[in-house]
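**Q**
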Amino acid sequence: MTKTMTRVAPAGSRPAPERTDGSRTDKPRPGRRGPANRPSVLLSKAGVTAMLGLAALYTLLPMLWLVLSSTKSRQDLFATNGFAPGKDFALVDNLTYLFEVDNGIFLRWLLNTVLYAGVGSLLATVFSVAAGYTFDKLNFPGKEKLFSFVLLGVMVPGTAMAIPLYLIAAKAGLVNTFWGVFIPGLVFPFGVYLARVFSASYIPDEVLEAARVDGAGEFRTFCRIALPMIAPGFVTIFLFQFTQIWNSFFLPLVMLSDKDLFPVNLGLYVWYSSALSQGHPQDYLLAIVGSLVSVVPLVVLFLMLQRFWKSGMTAGAVK
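What follows is the structure, encoded as structure tokens:
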């Protein structure tokens with residue numbers, strides 16, 4: 001005679017759920033998280049908040065140091081804590097000295113940068129939007145192969161192109177001229193790529209077909225219909241290129257030697273180098289205050305256009 005051995009469940013435990021065929025299973029119910037399925041600390045809400053806080057500090061602390069240092073006199077610059085304001089709050093005096101030194105050379109650098117970045121990025125955006133619209137809506141032989149070359153230009157960093165651009169400008173007689181820095185800023189391959197994406201998201205093909213049926217040419221269709229519809233993308237590309245040209249440093253450093261043609265970044269570098277190599281503390285203060293002034297146009301422009309920026313960056317997110 002054989003005896004059937006039964007497994008006794010420990011006290012306090014719940015019986016395993018039964019299957020439809022009457023058998024039991026020891027698998028945990030779906031939806032319950034065991035210790036191994038708990039989210040990691042970095043992916044938890046507190047971890048994400050801490051990482052965002054560190055990123056905010058990394059972004060804001062240099063700006064805070066710049067603002068507080070701009071309020072100091074030459075004597076207080078190295079004698080006080082970096083995150084302490086100036087004792088006499090000399091910001092107004094520092095700004096006055098900034099715009100008066102060397103017959104107002106900083107104001108000239110600022111105007112040069114506005115021309116390089118403002119006019120250059122506006123024209124570059126128009127060319128990029130037109131090219132992206134063409135790649136998206138028009139058909140012509142070799143379109144995808146040509147677009148592949150555009151994407152190749154996106155992958156090449158701008159610093160790697162500075163020396164070839166200098167050699168080309170030297171043969172064309174554009175070295176140490178306004179056009180030697182202005183013309184390269186008109187080419188923006190990443191803007192062409194973005195414009196094609198925005199064109200596919202914002203401009204329906206049916207609207208263009210209706211305009212062509214009504215007798216509108218391609219140029220008129222682009223200017224009157226496509227361009228207003230792609231306005232958020234236009235602003236987004238403009239801000240990208242404006243920031244890139246405004247922060248450009250290596251190309252003007254290679255291309256220019258005349259101080260009257262310097263953009264503001266290169267001029268600030270000259271003052272900072274003079275403070276380090278020749279021991280002029282007033283040049284160090286000029287570089288700090290000038291850096292603060294050079295950031296203001298970017299902040300103002302972004303605040304003015306952030307509504308279009310947000311709508312442009314979320315293009316295609318909601319269908």
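Going letter by letter, the sequence shown gives residues 1 to 319 in UniProt numbering. Where is the CB? At the ideal position from N, CA and C, for every residue including glycine.
(1) Is the beta carbon of Phe250 sitting closer than 8 Å to the one on Ala162?
(2) Are the C-beta atoms of Leu151 and some chain C residue less than 8 Å apart?
(3) What residue from Pro281, Pro297, Val299 and Phe308 has the CA that sits closest to Phe78's CA?
(4) Give me the Cα-Cα distance between Glu206 and Ala226, rounded to the nearest whole angstrom.
(5) Would you mind giving the Cβ-Cβ distance between Ser121 and Ile288, rounded to the nearest angstrom? I have them listed as a contact below 8 Å.
(6) When we look at the beta-carbon of Val235 and count the other beta-carbons within 10 Å, is it buried (16 or more) or exposed?
(7) Ignoring anything shorter than 4 residues, give me the alpha helix (DSSP H) runs that lie fully in the region 245 to 312, in order along the chain.
(8) Rounded to the nearest angstrom, what separates Met63 and Ala211 at their Cα positions?
(9) Can you tell me the Cα-Cα spacing of Leu208 and Phe135, whole angstroms?
(10) Spatial neighbours of Val154 within its chain, please: C-beta separation below 8 Å, excluding the five flanking residues on both sides.
(11) Looking at the secondary structure, which residues open and close the alpha helix (DSSP H) in which Pro164 lies?
(12) For Val318, name the three-state secondary structure that DSSP assigns.
(13) Please report the residue range of the alpha helix (DSSP H) in which residue 321 lies.
(14) Using DSSP with H/G/I as helix, E/B as strand and the rest coil, what is Gly104?
(15) Excluding the five sequence neighbours on either side, which residues of its own chain have a C-beta within less than 6 Å of the C-beta of Gly180, listed in chain order?
(16) Measuring only the C-alpha atoms, how far is Asp88 from Lys72?
(17) What first and last residue would you give for the alpha helix (DSSP H) that runs through Asp76?
(18) Is Asn112 helix, strand or coil by DSSP?
(19) Determine the extent of the alpha helix (DSSP H) in which Val119 is found, giving its start and end residues.
**A** Reading it off the structure:
(1) yes
(2) Among the chains of the structure shown, chain C does not appear; only one protein chain is present.
(3) Of the candidates Pro281, Pro297, Val299 and Phe308, Pro281 places its Cα closest to the Cα of Phe78.
(4) 12 Å
(5) About 27 Å separates the two Cβ atoms, so there is no contact after all.
(6) buried
(7) 250 to 255 and 264 to 278
(8) 50 Å
(9) If I take the Cα positions, the gap works out to 15 Å.
(10) Pro189, Phe190 and Tyr193
(11) Annotation: the continuous alpha helix (DSSP H) that includes Pro164 extends over Ala162 to Ala172.
(12) Per-residue confidence for Val318 stands at a pLDDT of 42, beneath the threshold of 50, marking its modelled position as unreliable; the derived number appears in the next sentence. In the structure shown, Val318 sits in coil (DSSP, three-state: anything other than H, G, I, E or B).
(13) Beyond the ends of the chain as shown, which are 1 and 319, falls residue 321; an answer cannot be given.
(14) coil
(15) Ala169, Leu174 and Met255
(16) 7 Å
(17) In the DSSP annotation of this structure, the continuous segment of the alpha helix (DSSP H) that includes Asp76 starts and ends at Arg74 to Leu77.
(18) helix
(19) First-last for Val119: undefined, no H or E at that position.
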